[in-house]
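Residues in the sequence shown are numbered consecutively from 2, following this note's numbering. Cβ atoms here follow ideal geometry from the backbone N, Cα and C, with glycine treated the same way.
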Amino acid sequence: QRMPLYLEHLKKLRADGSSHVSAAFLAGELGLHPVQVRKDLAAVSKVDGNPRIGFALEGLIEDMEEFLGCKNAHEAVVAGVGNLGRALLSYKNFDRYGLSIIAGFDSDPAVIGTTVHGKEIFDVSRLTELCGRFTVHIGIITAPAQYAQDVCDQLVAAGCKAIWNFAHVHLYVPEGTLVQNEDMAVSFALLSNRLAKTMRTGPEEA
2 QRMPLYLEHL
12 KKLRADGSSH
22 VSAAFLAGEL
32 GLHPVQVRKD
42 LAAVSKVDGN
52 PRIGFALEGL
62 IEDMEEFLGC
72 KNAHEAVVAG
82 VGNLGRALLS
92 YKNFDRYGLS
102 IIAGFDSDPA
112 VIGTTVHGKE
122 IFDVSRLTEL
132 CGRFTVHIGI
142 ITAPAQYAQD
152 VCDQLVAAGC
162 KAIWNFAHVH
172 LYVPEGTLVQ
182 NEDMAVSFAL
192 LSNRLAKTMR
202 TGPEEA
């Protein structure tokens, strides 16, 4: 999860004219421990750091993009075009990581046949058909929880190998299918817990 943070910051440094970066400097910029940063960079990159000038940015960025799969184009669809689904369809920066959302699916007649940020919205009844036809490997579920498993089953039947799940429900998938669950309430709970610790002990101990 730290790798995308590194990559974005490394690109910013390159855009600002830097050619090298040290693990210590990167750690300071991102609020991380230098030892952790060195281990992370060594795990994904073949670039050797120079003790005096640090790592060559160009090679480091190239290795990190390869590690994250940014150069592999992955097409995806969004199932559930409510507020969150529309936001994901409209987000412009997924292509930095090799993700291209090509369409949305919904059951609302008022939404079907419209477009969001240039992507057409189809009837969810065509989910398996169209995903299979276009060999879509990633399904993004933003449908209500009560429909999420059915949507997931349709995506799996279409050949999707990875599910990005924003519905607040556990999904059952066949062995070999990847699921990444996103729950904003859980993220807030973690943030709240860290805030409580900070208020009790001070920021350095938390």
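Within 8 Å, strictly: CB atoms of residue i and residue j
i: residue 107; j: residue 82; result: yes
i: residue 24; j: residue 38; result: yes
i: residue 22; j: residue 68; result: no
i: residue 91; j: residue 117; result: yes
i: residue 159; j: residue 128; result: yes
i: residue 10; j: residue 33; result: no
i: residue 70; j: residue 99; result: yes
i: residue 157; j: residue 175; result: yes
Straight-line gap, residue i to residue j (C-alpha atoms, nearest Å)
i: residue 182; j: residue 85; result: 15 Å
i: residue 162; j: residue 202; result: 44 Å
i: residue 27; j: residue 35; result: 8 Å
i: residue 147; j: residue 120; result: 25 Å
i: residue 54; j: residue 110; result: 60 Å
i: residue 17; j: residue 65; result: 19 Å
i: residue 141; j: residue 80; result: 6 Å
i: residue 51; j: residue 42; result: 13 Å
i: residue 115; j: residue 62; result: 38 Å
i: residue 20; j: residue 48; result: 13 Å
i: residue 177; j: residue 197; result: 39 Å
i: residue 187; j: residue 5; result: 21 Å
i: residue 58; j: residue 172; result: 40 Å
DSSP three-state assignment for residue i, whether helix, strand or coil
i: residue 191; result: helix
i: residue 62; result: helix
i: residue 68; result: helix
i: residue 135; result: coil
i: residue 50; result: coil
i: residue 10; result: helix
i: residue 32; result: coil
Heavy atom of the ligand FAD within 7 Å of residue i beta-carbon
i: residue 143; result: The ligand FAD is not part of the structure shown, which contains no ligands of any sort.
(request) Enumerate, from N- to C-terminal direction, the unbroken alpha helix (DSSP H) stretches of 4 or more residues contained entirely within the region 74-125. (result) Counting only runs of 4 or more, we get 84-91.
(request) Can you check the region 142-200 for any alpha helix (DSSP H) of at least 4 residues that lies completely inside it and give the ranges in chain order? (result) 146-158
(request) Indicate whether the contact test is met: 3 or more Cβ pairs, each with one atom in the region 168-178 and one in the region 143-155, closer than 8 Å. (result) yes
(message) When you compare the region 85-105 with the region 131-139, are there three or more beta-carbon pairs, one atom per stretch, that lie closer than 8 Å?
(response) Taking 8 Å as the limit for Cβ pairs, the verdict is that the region 131-139 does touch the region 85-105.
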